[in-house]
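This report refers to the structure that appears directly beneath it.
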Amino acid sequence: MTDQAQPAQGPGASGPGPDGAGFTYRGAEQELIVVARPEARLRAQAEGVRSVAGADMSALNMFLSDEQLALEPLFGSEERLQQAPGAEDVPDLALFYRVRGGESRAEELRARIAALPGIDSAYVKPGAVPASLGRVGQLGEDSGRLKEGAPVTPDYSGRQGYLRPAPEGVDAHWAWQRPGGTGQGVTVIDVEGSWQLGHEDLAAKLAGVVVGTPLTDLAWRNHGTAVIGVIGGDRGEFGITGIVPDTVTAAASFQGIGTAAAIHAAADRLGPGDIVLIELHRPGPRFEYADRDDQRGYIALEWWPDDLAAVRYATAKGVLVVAAAGNGAESLDDAVYERRPDGFPETWRNPFNPSNPSSGAVLVGAGAPPPGTHGRDHGPDRSRLAFSNYGARVDAQGWGREVTTTGGFWDKPGDLQGGPEEIAWYTDTFSGTSSASPVVVGALAALQGMLKAAGQQPMSPERARAVLRATGSPQQDAPGRPVSQRIGNRPDIKAAVTHLVPQAVGSGKAERYWDELLPYPRELPPRLRLFVAGEWRNLNHPSPEIRQAVHTAFAGGRPDVRVWFSDDEIVGLVITG
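At the far end of the sequence shown sits residue 706, using this note's numbering, and the numbering has no gaps.
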């Protein structure tokens, strides 16, 4: 284990609020979770709790009645859960319950209910909030271009550096030219609080809220809208374009059901190769689980037993789970996370420790974008931003600052485009491990789409984590934030495809050519396309000399253009004459 590092000052070290001084999301609720003893085989019903094993539950029922509480199964009917086939490494979900009522006395009730017959343990989970931060500087009340007077939103895709080729971005442009590379056949469900489902740039593939009831708070809604935009923003002539615009996106709200139940319900709606994204973090043990505007000490949800069980359930089904590592400036390798809280079951083991059984989720840290992005500098490209959690458990990084996407700025209109119409807000400053995580999700969805289009099995959760660690643009040092404070590589879709599907190099004689002098859509690179061995092969950004040589060869009527290719990419070219 390593010593806890203090957050570095300087680039990336500002506070999370709109003015850099802090911001508090409203509406997050704490949860009192109870874990039953397996041998008791409890069944919670409207008329009370009974034991299938015949244990006396009178003390528990009297306590619930006197305190006006209700015990409800966290993941649904105990009978259904026990009948469902499960993997060996998935905890028994039928043992988890949530206590309804008495929210203001949760800690007192926890200690009392944990001592009752049939109960193994009980713990209180702090409220979960989005893992996003504010930008450096203050947003003025009149910031952002108003939509009135402008008939069409401008094209902001040129500001989305995370779409560009590696190492700057994940190379979504390359993926879009490949079958399945826009995410066809993949569904992503975003687990958090709220979304603007009517946004003008989210109309094509947004399936709506499939779990829970969204919060009404504007800050939560802006956050969810930003996340969905990074992944699946519509491809068109205005606004932004998501990394995988043909992926189906949907939303799962934890309001009223809790985070673990939302993760479980989302996983139940997905199949192998689909993705659950967890855009939340909560206060951890560093500062005694205290809510803080600066988010210091906030960590990923999987540290709590019921959330860990839900994530393991999803990954055992073959569903990829991607989760924000958190903005707590914490080393997840620190010994504080090894200590089991009093309320946790004795079987709990720290999931941040790679020596212990893993949740199977992809944990995402926040890296700096290239210096100069949007005129700002957050440190060396791909270096750890000071707020980002880090450690051996973290699998990959995404842009943690300067992410251009849909939605407003915290609880205000968009800083890139504002105005009275919320459905047309855009931001240039989405941030945190919240902005980093959907970048990684987009890359994974592109890879899953390409595998499916090629008739291959999608990546398992284990394989996805291995690919992210084995490929990508490597993390870089920053003053006070060395590479040893691991947040992993920035995904590189092209490199990952080569790792997943090594292609043999073929060759042949070109029969026809197609020279794209003005590519459409505009975000695609200029291409010279040659028809070889029954398929079109691509050469991106051909030099004027190559273009001229190919034109001349075909103009002569008897072209002899020899091409070497890997998949649909031209890797060698010889013209004889």
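We put the beta carbon where it would ideally sit given N, CA and C, even for glycine.
All values derive from a computational prediction rather than experimental measurement.
Since H410 sits in a beta bridge, which residues does DSSP pair it with?
V258, A429
Segment limits, alpha helix (DSSP H) that includes Q577:
It spans 562-582 - the alpha helix (DSSP H) in which Q577 sits, taken as one unbroken run.
Considering Cα atoms alone, identify which of A348, L292, R234 is closest to G536.
A348
Would a check of beta-carbon distances place L646 closer than 7 Å to chain D?
Given the protein chain composition of this structure (a single chain), no chain D is represented.
Excluding sequence positions up to five away, which residues of its chain have a Cβ less than 6 Å from the Cβ of E531?
P498, T502, H503
Are L748 and G520 closer than 7 Å when you measure CB to CB?
The question about residue 748 has no answer here: the residues shown for the chain are numbered 130 through 706.
Could you compute how far the alpha carbon of W324 sits from the alpha carbon of H352?
7 Å
Starting from P202, trace the beta strand (DSSP E) in both directions and tell me its first and last residue.
199-202
Is D375 helix, strand or coil when you go by DSSP?
coil
Considering only the alpha carbon of each residue, which of V626, P259, F192, V281 lies closest to E698?
V626
When the distance is taken between beta carbons, is A235 closer than 7 Å to L161?
yes
Hey, out of I248, R166, S250, P308, whose CA is closest to L712's CA?
A question about residue 712 goes unanswered here, because the residues of the chain that appear run from 130 up to 706.
Looking at the secondary structure, which residues open and close the beta strand (DSSP E) in which W528 lies?
525-528
By how many angstroms is the C-alpha of V465 removed from the C-alpha of V707?
Residue 707 is absent from the model: the chain starts at 130 and stops at 706.
Indicate whether P401 and G447 have their beta-carbon atoms separated by less than 7 Å.
Their beta carbons are under 7 Å apart, which means P401 touches G447 by this criterion.
Sequence ranges, beta strand (DSSP E) only - wholly within the stretch 452-502, length at least 3:
491-496
In chain order, what residues of the same chain have a beta carbon less than 7 Å from the beta carbon of V181, not counting five sequence neighbours either side?
R170, R172
Which first and last residues belong to the beta strand (DSSP E) in which W349 is found?
Segment 347-361 is the alpha helix (DSSP H) holding W349; no beta strand (DSSP E) there.
According to DSSP, is A439 part of a helix, a strand, or is it coil?
helix
First and last residue of the uninterrupted beta strand (DSSP E) at R666
664-669
Check the C-beta distance from D363 over to D330 and give it rounded, since I have them as a contact under 8 Å.
Contact between D363 and D330 is confirmed by a C-beta separation of about 5 Å, below the 8 Å threshold.
Can we say the stretch 549-561 touches the stretch 637-657, given the rule of at least three CB pairs closer than 8 Å?
no
Considering only C-alpha positions, which residue in the set A593, A662, T444 is nearest to D397?
T444
A251 versus W303 - alpha carbon distance
About 50 Å.
Pick from D218, P255, G247: whose alpha carbon is nearest that of E232?
P255
Is A439 near L492, with beta carbons less than 7 Å apart?
One thing to note: A439 has its Cβ no nearer than 7 Å to the Cβ of L492.
What did DSSP end up calling S602 once you bin it into helix, strand or coil?
strand
I'd like the list of long-range same chain contacts for A624, defined as Cβ closer than 6 Å, with 5 residues on each side in sequence excluded.
So the qualifying residues of the chain are T600.
Short of 6 Å in beta carbon distance, which residues of its chain neighbour A333, apart from the five on each side in sequence? Order them along the chain.
D363
Only counting the same chain, and skipping five residues up and downstream in sequence, which positions put a Cβ closer than 7 Å to that of A553?
K276, T282, E329, Q546
Could you give the residue range of the alpha helix (DSSP H) that holds A391?
388-397
Put Q174 into one of helix, strand or coil per three-state DSSP.
strand
Less than 7 Å separating the beta-carbons of V315 and T378?
no
Would L449 pass as a contact of P590 if the rule is Cβ separation under 7 Å?
yes
Please say whether A391 and A381 have beta carbons closer to each other than 7 Å?
yes
E467: buried (16+ other C-beta within 10 angstroms of its C-beta) or exposed?
exposed
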